[in-house]
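Chemist:
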Amino acid sequence: MRSTVAIAFVAAAVLLLAPGRASARIKLAALPERERVDIQLDNDRYTLVEEQRIVPLLKSTPQQGNNMIDFSWTNTQIDKDSIQFRPIAIKEGETFRPIRKVDGQDEVGVINVAYPPGENSLVWEVFSADACAVKVKVSYLIAGLTRSFSYRAGADKDETSLTLKKYIQLRNYSGEDFGQAGVWAGFGPQFLKPVGQQEDIKMLLHRFDGVPIDKTYTFDWYTNGRLSPEKPLASKVVMHYKLVNDEKHAMGLFPLQGGKARIFIDDGRGGEAFLGEDWAQLTPLDGDMKLYLGEARDIVCTRTVKTNKRHKVQGNLFNQEIEIVYEIENFKDKPATLDIVEQINSMAREFGGDPHGDAEWEIEPRTSKEIGITYETGGATPALHVKLPPAAKGKDAKVAKQTAVFHLTIKNLW
Amino acid sequence: MMRIMIIAALGLTFLAGEAAAKNIDLVTLPKRGAVQLTIYNSEDLTLVKETRDITLKAGANKLQFSWAGTLIDPTSVEFRPLTHADKVELVDTIFPGQKPQHLIWNVDSQFEGQVKVEVTYFTSGLTWSMDYVAVTDPAESAMRLSGYVRVFNNSGEEYENAQVRLIVGTINLVEKIAELARRQGIPPPAVETKYSRALKRKAVMAGIAQAEMLAGGALDASGPKEIIKEGLSEYFMFTVEGTETIPDGWSKRMIAVEADDVKFDIVYRMRSYQYGDRPVRLFVWRNDAEHKLGDSPLPDGRVRLFRANESEALSFLGEQLISYVPVKAEIEVNLGPDDLVVYETRNTSTKRLAFHFRKDDRGKEYVDGWDERQEWIDTIRNYRTKAITFELRRQWVGDVEYESEVDTTLFDYRTIQAGFTVGARSKQQYPATVVRHQGVNSRQSRITLKK
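Here the protein sequences line up with chains V and W, keeping their order. Counting from 20, one number per residue, gives the positions in the first sequence under our numbering. Counting from 11, one number per residue, gives the positions in the second sequence under our numbering.
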């Protein structure tokens, strides 16, 4: 495919003699080839392309450049104001040496940049203390060259650990064919890949093996509502894989950017089964990545409000005592923990009225002693963790209903 | 293409008083000598000063000045003899009705021979802007800052070998130059009197003259190529040394400010009301000598920040428009959220107390005032390999008592602020107790800090 970004060393006299209209520019140009292209994807909003070229320069002075370098592009969306010309090194024999200072000034430098009207091009006027070949980097921000991230999680059969592969997908709809290019995401390996026009390239950035899985089951009445008219006291039990992005959990190398995650499980017969997919959120170091797996049908939970009692305090001020009983059945042959999320503000509105901000509440004594309570998202959203034994084995064995009680008082309502 | 011309008409005795009626002229075209462009960036305004050598005969002379296809304000065109000034007098200026974009100067001369004259006028279509490129070292401890001026010529005229001067600052214009150019000499509305216009022009010209004196000679194009910066009343002037040719339709970008090894601070700020729900990373430095800058104010412009990596490659860190930065003032560039610095805030408990009741006619009590006491814990996690400076500001609405064991001050009546140094790969917690007086308990709209 033809390259649409070009750089030309222009015979200076010809350009200066024809400084008028863009269409009238007559150029005699040598075309320095791209030596290398680097695509920097470490910024999530912008893509920086850096080209390395060897440009021949004539001897000149900072007052009079004598080297006109024309950079032009077609059918690509380059941010014209972002284009930089950076001399890096000067060729000496077969090697390159760094650019030195001569009289306190770099021996090669840009004097000015001219932008012709109606053209996607610019002309650098460059001086050089001596006639030489210079290695330069031409960098620019470009649109249409984007990256996204995706994940593939492969869980083992007993769902205790998984292999998480993080991919970067490069989409090149910039209008330019970059040929062999270095691609860097800001972390992980640097790839050297041909990046052609209208190509999508998916590359494995990192593979995390043996990542422990915490498979969670969550019951959240105020988010999911009743399961159906026929089962008005039941609600969905939703499943997630919870991964922790830290070293203890075999990750913790870098933040995990958001992206689609496809989840597979070892089917025990040498193959894999697809469990579903979810949008993984940006997960900072030490953060949790929760991947939604769908609804659990083998854990059933009903929620019954047994007590709803108002206790007057003074005037129209009252406390609302609430006792909720959960009946849980685990039909799985493995133990599990059910996380019951209660939203006290919603509960206050349902049973008492406006909580006037975050509700004030207390746990009362009849709350089951064996449940653990955490407050991951704040004091008004407790999560009750109920451990469930596996279903009894045997054809005729019945699945026991486990009961948990959450007894609380929402205080100072009116 | 050159469209601005001075024509010295021949056969003056025949043309005198009836030049406008003639359609066939025989003329000479004095070449433009030096040109000086003084371009303002706050308005679409450029003061053009050009010199030409013309030959005058003793007695009445007629000079025609035309500017077809350009954006010159005809009311601003002025003529001034630079040599033999005591013997050359401008008698009057005629704008011929049937010839737009023309004027005729009737000049009375007691001298016969070559005279250098200066023609000045305002034009629109010449503008300039500034932009900055900063490249930090791989450790992000210092940077090289380059500021560029870019001059755009869409005036319709090509100014060859012009001295270019750029004015930084905001001037007041009561009418746009482009609008005056479109009117082609029709007098402006009555609100703009000849007197006020003359005063304005006099003021601008006086300022320019003062700057020329400071610059040590206006149209001298010799010397090394650099941009001289100098103060001018409330404005600042950048003078591009030497001359530049900017063809019509082209623009040209030149280095105006350059400083190497500019140290800067990296600051993280959490201000949800200003920056959103994640902390942002800012590079902060000053336009002063300590930061290898401070020679001049820095005009408005976009700053693009890059980091030079070990491999000679760049990473793009971000960009931001900055407003005019006076000398010694601070410059901040917001690079947006950083995935390696995490801020979380959680309300861990809520209690209500100090209830106040009002009684109705029947003696029934209703809550009409209370205090809400909340415990909050903020956590800052830094995963970078060096310590960071973190600034927290948070707004609380209403009558609030605020207490924290960490040093906290008030930024304003409703905003607390606290600062932290969070070590490399470590975290810092910031606990606070907030009591909000509600209903009739609320007597103020402010935060009171409790120690």
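Cβ atoms here follow ideal geometry from the backbone N, Cα and C, with glycine treated the same way.
To which residues does DSSP link L183 (chain V) through a beta bridge?
Modeler: According to DSSP, L183 (chain V) bridges with V:A172, V:F227.
Chemist: Which residue's Cα is closest to the Cα of Q173 (chain W): W:F121, W:S165, W:T249, W:R435?
Modeler: Per the Cα distances, W:T249.
Chemist: Just to make sure I have the definition right: I need the residues of chain W whose C-beta is within less than 8 Å of the C-beta of L301 (chain V). Which are they?
Modeler: Under the 8 Å cutoff, chain W gives D349.
Chemist: Comparing alpha-carbon positions, which option in V:D63, V:E395, V:G391, V:A172 lies nearest T356 (chain V)?
Modeler: Cα-wise, what sits closest to T356 (chain V) is V:G391.
Chemist: Quick check on N327 (chain V): does DSSP put it in helix, strand or coil?
Modeler: N327 (chain V) falls in the strand class under three-state DSSP.
Chemist: Please report the residue range of the beta strand (DSSP E) in which E54 (chain V) lies.
Modeler: It spans 53-59 - the beta strand (DSSP E) in which E54 (chain V) sits, taken as one unbroken run.
Chemist: Should E69 (chain V) and D61 (chain V) be called a contact, given that it needs their Cβ atoms to be closer than 8 Å?
Modeler: Taking 8 Å as the Cβ cut-off, E69 (chain V) and D61 (chain V) do not qualify as a contacting pair.
Chemist: I130 (chain V) and I118 (chain V) look like a contact to me (Cβ under 8 Å); what is the Cβ gap, rounded to whole Å?
Modeler: I130 (chain V) to I118 (chain V), Cβ: 15 Å. No contact.
Chemist: Pick from V:V153, V:P408, V:Y345, V:G163: whose alpha carbon is nearest that of R116 (chain V)?
Modeler: Of the candidates V:V153, V:P408, V:Y345, V:G163, the one whose C-alpha sits nearest the C-alpha of R116 (chain V) is V:V153.
Chemist: Between which two residues does the alpha helix (DSSP H) containing F90 (chain V) stretch?
Modeler: Here F90 (chain V) belongs to no alpha helix (DSSP H); instead the beta strand (DSSP E) covers 86-92.
Chemist: Once DSSP output is grouped into helix, strand and coil, what is the label at A221 (chain W)?
Modeler: Residue confidence for A221 (chain W) is low, a pLDDT of 47 falling below 50, so the modelled location carries little weight; the figure read from the coordinates is stated next. DSSP places A221 (chain W) in helix when its eight states are reduced to three.
Chemist: Against I75 (chain W), what residues of chain V qualify as contacts under a CB-to-CB distance less than 8 Å, listed in chain order?
Modeler: Here residue 75 (chain W) is Phe; the residue named in the question, Ile, does not match the sequence. Near F75 (chain W) there are no residues of chain V at all, since even the closest Cβ is about 24 Å away, more than 8 Å.
Chemist: Name, please, each residue of chain W whose Cβ falls closer than 9 Å to the Cβ of S101 (chain V).
Modeler: The answer, in chain order, is V143, R314, F326, E329.
Chemist: To the nearest angstrom, how far is it from the Cα of S333 (chain W) to the Cα of S52 (chain W)?
Modeler: The straight-line gap from Cα to Cα measures roughly 12 Å.
Chemist: At a Cβ threshold of 8 Å, is E69 (chain V) touching chain W?
Modeler: Answer yes: the Cβ-Cβ gap between E69 (chain V) and chain W drops below 8 Å somewhere.
Chemist: Of all the options W:S452, W:T425, W:L155, W:L331, which has the alpha carbon lying nearest to the alpha carbon of A266 (chain W)?
Modeler: Checked all of W:S452, W:T425, W:L155, W:L331; the closest Cα to A266 (chain W) is W:L155.
Chemist: Could you give the distance in angstroms between the alpha-carbon of T85 (chain W) and the alpha-carbon of I49 (chain W)?
Modeler: Taking the straight line joining both Cα atoms gives about 18 Å.
Chemist: For W433 (chain V), go through chain W and note every residue whose CB falls closer than 8 Å to its CB, in chain order.
Modeler: Per Cβ cutoff of 8 Å: Y376, V377.
Chemist: How far does the beta strand (DSSP E) with A266 (chain W) in it extend, from its first residue to its last?
Modeler: Where A266 (chain W) is concerned, the enclosing beta strand (DSSP E) stretches over 261-273.
Chemist: CB Q300 (chain V) to CB G277 (chain V), shorter than 8 Å?
Modeler: Yes.
Chemist: Given this structure, state the Cα-to-Cα distance separating K325 (chain V) from R362 (chain W), to the nearest angstrom.
Modeler: When rounded, the distance between both Cα atoms is 26 Å.
Chemist: Does the beta carbon of V324 (chain V) come closer than 8 Å to any beta carbon on chain W?
Modeler: Not one chain W Cβ lies under 8 Å of V324 (chain V).
Chemist: Alpha carbon to alpha carbon, how far is R403 (chain W) from M308 (chain V)?
Modeler: Their backbone Cα atoms lie some 29 Å apart in a straight line.
Chemist: Answer yes or no: does any C-beta atom of chain V fall closer than 8 Å to that of F367 (chain W)?
Modeler: For F367 (chain W), the answer is yes, since a Cβ of chain V falls inside 8 Å of its Cβ.
Chemist: Is there at least one Cβ from chain V nearer than 8 Å to A323 (chain W)'s Cβ?
Modeler: Closer than 8 Å to some Cβ of chain V, the Cβ of A323 (chain W) qualifies, so yes.
Chemist: Going by DSSP, what residues sit across from P91 (chain W) in a beta bridge?
Modeler: In the DSSP output, where bridge partners are listed per residue, P91 (chain W) has W:V127.
Chemist: Sorted by chain position, which residues of the same chain lie with C-beta nearer than 6 Å to Y278 (chain W)'s C-beta, five sequence neighbours on each side aside?
Modeler: Correct list, in chain order: P289, R291, V351, I398, F400.
Chemist: Cutting at 7 Å between CB atoms, please list the residues of its own chain near G229 (chain V), excluding the five before and the five after it.
Modeler: Excluding positions up to five away in sequence, the list reads S180, A269.
Chemist: May I ask you to verify whether the region 189-206 of chain V touches the region 141-149 of chain V, counting CB pairs closer than 8 Å and requiring at least 3?
Modeler: In short, these stretches do not touch, since the Cβ pair count stays below three.
Chemist: Just to confirm, is the Cβ distance from P354 (chain V) to L407 (chain V) under 8 Å?
Modeler: Yes. Within cutoff.
Chemist: For Y285 (chain W), decide whether its Cβ has a neighbour in chain V, counting only Cβ atoms nearer than 8 Å.
Modeler: It does not; no Cβ of chain V falls within 8 Å.
Chemist: Once DSSP output is grouped into helix, strand and coil, what is the label at L357 (chain V)?
Modeler: Strand.
Chemist: Identify every residue that forms a DSSP beta bridge with H404 (chain V).
Modeler: Partner(s): V:D358, V:G391.
Chemist: Please name the residue or residues paired with R314 (chain W) in a DSSP beta bridge.
Modeler: The partner list for R314 (chain W) (beta bridge, DSSP) reads W:V143, W:E329.
Chemist: If you follow the beta strand (DSSP E) that S147 (chain V) is part of, which residue opens it and which one closes it?
Modeler: Looking at the DSSP string, the run of the beta strand (DSSP E) that includes S147 (chain V) is 140-147.
Chemist: May I ask which residues mark the beginning and end of the beta strand (DSSP E) holding F293 (chain W)?
Modeler: F293 (chain W) -> beta strand (DSSP E) spans 290-296.
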